[in-house]
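Student: Could you have a look at this structure, given as structure tokens, before my questions?
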Amino acid sequence: MSSPHTYSAAVAATLTALDEGRTPDRPVYREAVRTLLATLAERAPGRSVEVRVPPYGAVQCVAGPRHTRGTPPNVVEMDPATWVALATGRLGWAEAVTEGRVRVSGTRADLSEHLPL
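With the UniProt record's numbering as the guide, the letters of the sequence shown map in order to residues 1 to 117.
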């Protein structure tokens, strides 16, 4: 089964730029991050974890108790390059957390079973 980001021009362009040591163009980077976040939300439906990739986007995902007000108890936050690497399998969850590239809080904030996409 192929994944949606395989066919996303924005994800491909972002990976190419990062591989070349360049920062992707902002609109392309934003689209790639949001495409991958949407794929995560689709594959891990729910509202118990909020995944934040500032400044480009955030989604709620993973089945469990729904969060409705204030700061959610289960939060995962990272920079765009880390998110793209995790979502596409270029970086492992444990490695990213150990290196401090991903900030997690809450008992449901482990996304390792949902990544890579």
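Backbone N, C-alpha and C define an ideal beta-carbon position, used for all residues, glycine too.
No experiment lies behind these values; they were computed from the predicted model shown.
What three-state label does DSSP hand residue 58 in the structure shown?
Tutor: Position 58 of the sequence shown, counted from the start, is the residue given in the question as residue 58. Of the three classes helix, strand and coil, the one that applies to residue 58 here is strand, per DSSP.
Student: Could you tell me the boundaries of the beta strand (DSSP E) in which residue 50 lies?
Tutor: Residue numbering aside, residue 50 sits at position 50 when the sequence shown is read from its first letter. Here the beta strand (DSSP E) through residue 50 covers 49-53.
Student: Let me make sure I understand the geometry here. Which of 87, 97, 53 has the alpha-carbon closest to that of residue 77?
Tutor: Against the sequence shown, residue 77 aligns to sequence position 77. Among 87, 97, 53, the Cα nearest to that of residue 77 is on 53.
Student: Let's see if you can read the secondary structure: which residues bound the beta strand (DSSP E) around residue 103?
Tutor: Locating residue 103 in the sequence shown gives position 103, where the first residue counts as 1. Run containing residue 103: 102-105, per the beta strand (DSSP E) assignment.
Student: Could you give the residue range of the alpha helix (DSSP H) that holds residue 31?
Tutor: Taking the first residue of the sequence shown as 1, we reach residue 31 at position 31. Its alpha helix (DSSP H) spans residues 26-43.
Student: Assuming residue 95 is part of the alpha helix (DSSP H), what are its boundary residues?
Tutor: The residue you call residue 95 lines up with position 95 of the sequence shown. Segment 93-98, the alpha helix (DSSP H) holding residue 95.
Student: So the candidates are 89, 99, 114, 108; which of them puts its Cα closest to the Cα of residue 48?
Tutor: Within the sequence shown, residue 48 is the residue found at index 48, counting from 1. Of 89, 99, 114, 108, the residue nearest in Cα terms is 108.
Student: For a test of the three-state rule: what should DSSP assign to residue 20, helix, strand or coil?
Tutor: Walking along the sequence shown from the start, residue 20 turns up at place 20. In this structure, residue 20 counts as coil in the three-state DSSP scheme.
Student: Thinking C-beta only, is residue 72 closer than 9 Å to residue 60?
Tutor: For the purposes of this step, residue 60 is taken as residue 60 along the sequence shown, with counting starting at 1. For the purposes of this step, residue 72 is taken as residue 72 along the sequence shown, with counting starting at 1. In this structure, residue 72 lies closer than 9 Å to residue 60 by Cβ.
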